[in-house]
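S.K.: Starting off with a structure, shown below.
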C-alpha cells in the first residue's frame, strides 16, 4: 500500500468529503436563488456580466453554467461585462498585494507569464559575483504593478526588468534594492 493512512482513516475521510459536499450543496442552492433573482430583474434579454461574475466569484458558478441557465430562460449573458468584472477584480487583487508589500512594485505570476510569452528571458544575475567592476545592462521591460509600459517618465512608480544585473535578488532576509 502506497498510502496506508487512507485505509486507517477511511471513516474520517468519508465524513470530511460528506461535509464538503453538503457545504457546496448549500452554496449551490444559494447561487441558484441568486441567479433566479438576477434573471427576474433583467431588463430586456441580457443578464449582466456583473451578475455572472458574482455567481462565479461568490458561488463558484462557472460562466458556462450561468450561460446554460440563462439560455434555458431565453436570456443571454453579457460575457464582455463578465470579463471586465474579472479584470477589475484581478486589478483590485494586485493593488491589495502591492499595498501589502509596502507599496513595492510586485510582479505576479500573470506578469511573469506575459514576459515569457513576449520572449523576455530570465535576468542574468551572474554578475553579482563580480565585485568592484562597473556593470551596464539593458532594460527589457517596464512594469507599473498592473501592466507593462513602453516608457516611463520622471515621477512614475515602476519596476524594470533588466537583461543582466549585479544586484542580489531579495530572499532569505535580504532587502530589495531601491533606486531614486
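Numbering (my numbering), first residue to last: 59 to 238.
Glycine included, every Cβ here is placed at the ideal spot set by N, Cα and C.
Where residue 220 and residue 151 are concerned, what is the direct C-alpha to C-alpha distance, given to the nearest angstrom?
M.R.: Sequence index remark: in the chain shown, residue 220 carries index 162 (1-based). Sequence index remark: in the chain shown, residue 151 carries index 93 (1-based). Roughly 26 Å between the two C-alpha positions.
S.K.: At 4 residues or longer, and completely inside the region 156-205: list those alpha helix (DSSP H) runs for me, N to C.
M.R.: Listed in chain order, they are 167-175.
S.K.: Going along the chain, which residues of its own chain have a beta-carbon closer than 8 Å to the beta-carbon of residue 89, five neighbours each way excluded?
M.R.: By 1-based counting over the chain shown, the position of residue 89 is 31. Within the same chain, residue 89 has close Cβ partners 113, 116, 117, 118, 119.
S.K.: Let me confirm a value: residue 207 is counted as buried when at least 16 other C-beta atoms fall within 10 Å, else exposed. Which label applies?
M.R.: Position 149 of the chain shown, counting from 1, holds the residue named residue 207. Its Cβ having fewer than 16 others within 10 Å, residue 207 is exposed.
S.K.: Evaluate residue 128 with the Cβ neighbour count: other Cβ atoms within 10 Å of its Cβ, from every protein chain shown; 16 or more gives buried, anything less gives exposed.
M.R.: As a working note, residue 128 is residue 70 in the chain shown. By the 10 Å Cβ count, residue 128 comes out buried.
S.K.: Between the alpha carbons of residue 137 and residue 125, how many angstroms are there, rounded?
M.R.: Taking the chain shown and counting its residues from 1, the one referred to as residue 137 is at position 79. Taking the chain shown and counting its residues from 1, the one referred to as residue 125 is at position 67. The alpha-carbon atoms of residue 137 and residue 125 are separated by roughly 9 Å.
S.K.: Below 8 Å between beta carbons: does that hold for residue 217 and residue 163?
M.R.: If you number the chain shown from 1, residue 217 lands on position 159. If you number the chain shown from 1, residue 163 lands on position 105. In this structure, residue 163 lies closer than 8 Å to residue 217 by Cβ.
S.K.: Do residue 222 and residue 170 count as a contact pair if the criterion is CB distance below 8 Å?
M.R.: The count along the chain shown starts at 1 and reaches residue 170 at position 112. The count along the chain shown starts at 1 and reaches residue 222 at position 164. Not closer than 8 Å, so no.
S.K.: Could you please give me the residues that DSSP links to residue 102 through a beta bridge?
M.R.: Translated into positions along the chain shown, residue 102 becomes position 44. None; residue 102 has no bridge partner.
S.K.: Between the alpha carbons of residue 204 and residue 214, how many angstroms are there, rounded?
M.R.: Taking the first residue of the chain shown as position 1, residue 204 is located at position 146. Taking the first residue of the chain shown as position 1, residue 214 is located at position 156. The alpha-carbon atoms of residue 204 and residue 214 are separated by roughly 13 Å.
S.K.: How many Å lie between residue 102 and residue 92 at the Cα?
M.R.: Position 44 of the chain shown, counted from the first residue, corresponds to residue 102. Position 34 of the chain shown, counted from the first residue, corresponds to residue 92. If I take the Cα positions, the gap works out to 18 Å.
S.K.: Mark residue 140 as exposed unless 16 or more other C-beta atoms lie within 10 angstroms of its C-beta, in which case mark it buried.
M.R.: The sequence position of residue 140 within the chain shown is 82, counting from 1. Residue 140 is buried by the Cβ-count criterion.
S.K.: Compare the beta carbon distance of residue 224 and residue 188 with 8 Å and say whether it is the shorter of the two.
M.R.: Within the chain shown, the letter at position 166 stands for residue 224. Within the chain shown, the letter at position 130 stands for residue 188. Going by C-beta atoms, residue 224 is nearer than 8 Å to residue 188.
S.K.: Please list, in chain order, all residues of the same chain as residue 107 whose beta carbon is under 8 Å from its beta carbon, the five residues on each side excluded.
M.R.: Indexing the chain shown from 1 puts residue 107 at position 49. Taken in chain order, the residues that qualify are 135, 136, 137, 138, 139, 140, 141, 142, 143.
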